Amino acid sequence: MFILKLLVTGGAGYIGTHCIIELLNAGHDISVIDDLSNSHVAALHRVKQLTKRGLAFVQADLRDTAAVATELQRFQPHGVIHCAGLKAVGASVARPLDYYRQNIGGTLSLLAEMDRVGCHKIVFSSSATVYGLPKYLPYDEQHPTEPANPYGRSKLMIEHILRDWSVTHRDASALCLRYFNPAGAHPSGQIGENPKGVPDNLMPFLAQVAGGHRPALTVFGNDFETRDGTGERDYIHVGDLARAHLAAIEHARSNRGFQVFNIGTGRGVTVLELAAAFAEVSGRPIATTITTRRPGDLARFYADAQLAEKTFGWRAQQSIFDICADAWRWQVENPEGYSA
Ligand SMILES: NC(=O)c1ccc[n+]([C@@H]2O[C@H](COP(=O)([O-])OP(=O)(O)OC[C@H]3O[C@@H](n4cnc5c(N)ncnc54)[C@H](O)[C@@H]3O)[C@@H](O)[C@H]2O)c1
30 MFILKLLVTG
40 GAGYIGTHCI
50 IELLNAGHDI
60 SVIDDLSNSH
70 VAALHRVKQL
80 TKRGLAFVQA
90 DLRDTAAVAT
100 ELQRFQPHGV
110 IHCAGLKAVG
120 ASVARPLDYY
130 RQNIGGTLSL
140 LAEMDRVGCH
150 KIVFSSSATV
160 YGLPKYLPYD
170 EQHPTEPANP
180 YGRSKLMIEH
190 ILRDWSVTHR
200 DASALCLRYF
210 NPAGAHPSGQ
220 IGENPKGVPD
230 NLMPFLAQVA
240 GGHRPALTVF
250 GNDFETRDGT
260 GERDYIHVGD
270 LARAHLAAIE
280 HARSNRGFQV
290 FNIGTGRGVT
300 VLELAAAFAE
310 VSGRPIATTI
320 TTRRPGDLAR
330 FYADAQLAEK
340 TFGWRAQQSI
350 FDICADAWRW
360 QVENPEGYSA
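The numbering of the sequence shown is my numbering, which starts it at 30 and goes up by one.
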């Protein structure tokens, strides 16, 4: 087997930590650059304990070009998994310049320094938010891209940058993984999503309601055209997502070019179905409060993820019950997240 040296940006975050576990378990060597603006160094200690492997860590903002250059020159990676970035849709509407500055500025700094050390393989954390309103379902990679907020636009702009960059090097490979709705946690209960403040995503919100930290799940609208009137999304287990990164970077090693891939299950699950699954695995009732739709919320949003399977042999394996069981274990064992 070929052992890769891989730099993971944003590697202390929710998705980054799960990716690192997969990559370390596959035998690859890891260095992480993360400014810890939305994460805890304790997560990396737990990754080391779980995998019984070491890793390098540099606390730095990606826009600190000197820090990125120093680490890339030292580590000489074969490839980069680029997860670092700001990710809250609502905050991106309130603070668009921060989102463009961080997400795009960080990527430009990273690519310039990758060029300097001759590293031309990158897997990028993109998002299904690049699609915007559905022209048809399921979304495939040919679906038009019309993101409805600055966050989604920053992701699409980075995809354009990566496409342009990839044609400047004969050996370059830039794979953009458009995640649908990542959820769940590591089955050990040691690694999970640790949002600061009120959770932006449904799953940590559900876990906090089941754990008694919040009184009820707020459901935004029950009059959508779906099975039960609540919004339908494509929840993908974060462990499946991590395996997609492993498959993608190993594919990138021996291939070249720019490509985008949907990373989802191909199945939509409604808010109420997810709440029922969570109640079942946790044995706790989930109270719900129905309120009005949020502007821009879509009825149905799910992937056609066959291209990833055809290209690098990846498909989602875990069910909605696996997602809920792992999220619940993480919540029970870490009610205060990593801060405890
Ligand atoms: N979680 C989701 O629902 C979701 C969905 C689609 C796409 N994504 C994308 O996946 C990536 C990872 O998401 P996540 O859920 O793990 O988020 P996260 O906030 O847990 O992880 C992002 C990490 O990047 C770090 N970071 C942010 N800006 C940085 C910078 N300028 N320099 C260095 N480090 C920086 C943060 O400290 C954090 O550890 C993000 O790019 C996000 O946009 C996430």
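The beta-carbon is built from N, C-alpha and C at its ideal position, and this holds for glycine as well.
Note that the structure is a prediction, hence the values are computed from the model and not measured.
- Query: Is the closest heavy atom of ligand 1 to the C-beta of Leu65 under 7 Å?
  - Reply: Checking the Cβ of Leu65 against ligand 1 gives yes.
- Query: With 16 as the cutoff for other CB atoms within 10 Å, does Asp123 come out buried or exposed?
  - Reply: Here residue 123 turns out to be Ala, not Asp, going by the sequence shown. With fewer than 16 Cβ atoms within 10 Å of its Cβ, Ala123 is classed as exposed.
- Element boundaries [alpha helix (DSSP H), containing Gly98]: Note that residue 98 is Ala in the sequence shown, not Gly. Unbroken alpha helix (DSSP H) run through Ala98: Thr94 to Phe104.
- Task: State buried or exposed for Ile352, treating a residue as buried only when at least 16 other CB atoms are found within 10 Å of its CB.
- Result: When all chains shown are included, Ile352 counts as buried.
- Give me whichever residues DSSP pairs with Ile319 in a beta bridge. Val248
- Between Ala337 and Phe307, which are expected to be in contact by the criterion C-beta below 8 Å, what is the C-beta distance as a whole number of angstroms? Not really, about 27 Å apart at Cβ, beyond 8 Å.
- Message: Could you give the first and the last residue of the continuous beta strand (DSSP E) run that contains Thr38?
- Response: Lys34 to Thr38
- Query: The alpha helix (DSSP H) spanning Gln335 covers which residue range?
  - Reply: Gln335 to Phe341
- Taking all protein chains shown into account, decide if Ile62 is buried (16 or more other Cβ within 10 angstroms of its Cβ) or exposed. buried
- Task: Determine the contact status of Leu204 and Gln288, defining contact as a CB-CB distance below 8 Å.
- Result: For Leu204 and Gln288, yes; Cβs fall inside 8 Å.
- Within 10 angstroms of the Cβ of Tyr165, are there 16 or more other Cβ atoms? Answer buried if so, exposed if not. exposed
- Query: In its own chain, which residues sit with a C-beta less than 7 Å from the C-beta of Met30, not counting the 5 before and 5 after it?
  - Reply: Gly56
- Item | Residue range of the unbroken beta strand (DSSP E) whose run includes Glu220 | Note on residue identity: the sequence assigns Ile, not Glu, to residue 220. Segment: none, Ile220 is in no beta strand (DSSP E) and carries neither H nor E.
- Task: Give the secondary structure of Asn291 by DSSP, where H, G and I count as helix, E and B as strand, and everything else as coil.
- Result: strand
- Pick from Glu254, Leu53, Ala72 and Leu73: whose alpha carbon is nearest that of Leu19? This structure cannot settle anything about residue 19, because the visible part of the chain is limited to 30 through 369.
- For Val310 and Trp357, believed in contact at Cβ under 8 Å, the rounded distance: 6 Å
- When every heavy atom of ligand 1 is checked, does at least one fall within less than 7 Å of the C-beta of Asp263? Flag unset: Cβ of Asp263 not near ligand 1.
- Query: ligand 1 heavy atoms versus the CB of Ala356: any closer than 7 Å?
  - Reply: no
- Message: Between the alpha carbons of Arg256 and Gly297, how many angstroms are there, rounded?
- Response: 10 Å
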